[in-house]
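Q: One structure follows; several queries about it will come next.
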Amino acid sequence: MVSVRAWLGFTAAGGSSDDPRLRMLTLGLDGPHPENLFEARHRNEPEARLRQIFSAALGACYFHRNRPPGVNESITIGTVDHIEFYY
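In the working numbering, the protein residues as written are 2 to 88.
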């Protein structure tokens with residue numbers, strides 16, 4: 002599980018977008034995402050890489066859930082005010 006308060010937005014393949022806005026999310030990260038994040042952190046990956054991995058995790062577990070396969074959006078993570086992982 003992760004709790005995050007950050008400026009998040011997305012751009013969809015069809016050109017629609019949601020400008021970044023402050024969101025407070027608490028959700029479970031499915032699949033390989035938690036492992037990818039922790040492995041990258043333990044390898045001392047730069048923050049930009051951690052943001053990429055976290056963006057993919059949020060996309061898969063929040064923005065893209067309940068959507069038909071192949072419908073993806075580009076997730077934008079701005080300022081992160083708070084992030085906490087539960088495991």
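Ideal Cβ positions, reconstructed from N, Cα and C, are used throughout, including at glycine.
Predicted, not measured: the structure shown is a model, and the values here were computed from it.
Measure the C-alpha to C-alpha separation of A57 and W8 and round it to an integer number of angstroms.
A: Reading the sequence shown from its first residue, position 56 is the one you call residue 57. Reading the sequence shown from its first residue, position 7 is the one you call residue 8. For A57 and W8, the distance between alpha carbons rounds to 15 Å.
Q: Verify whether the separation of the beta carbon atoms of A61 and G32 is less than 8 Å.
A: Numbered from its first residue, the sequence shown carries residue 61 at position 60. Numbered from its first residue, the sequence shown carries residue 32 at position 31. Cβ distance < 8 Å, so A61 and G32 count as in contact.
Q: Taking the alpha helix (DSSP H) that F55 falls in, what are its first and last residues?
A: Here residue 55 is taken as the residue at index 54 of the sequence shown, counted from 1. Run containing F55: E48 to L59, per the alpha helix (DSSP H) assignment.
Q: On a CA-only basis, which of G29, L28, G10 and L30 is nearest R22? Give me that one, please.
A: Here residue 22 refers to the residue found at position 21 of the sequence shown. If we check each option's Cα against that of R22, G10 comes out closest.
Q: Please classify L26 as buried or exposed, where buried requires at least 16 other C-beta atoms within 10 Å of its C-beta.
A: In the sequence shown, the residue the question calls residue 26 occupies position 25. Label assigned to L26: exposed.
Q: If you check the beta carbons only, do I76 and F64 fall under 8 Å apart?
A: As a first step, residue 76 is located in the sequence shown; it is residue number 75 there, counting from the start. As a first step, residue 64 is located in the sequence shown; it is residue number 63 there, counting from the start. It is a contact, given that the beta carbons lie within the stated cut-off.
Q: Does H34 pass the burial test, meaning 16 or more other C-beta atoms within 10 Å, or should it be called exposed?
A: What you label residue 34 is simply residue 33 of the sequence shown in a count that begins at 1. Under this definition H34 is a buried residue.
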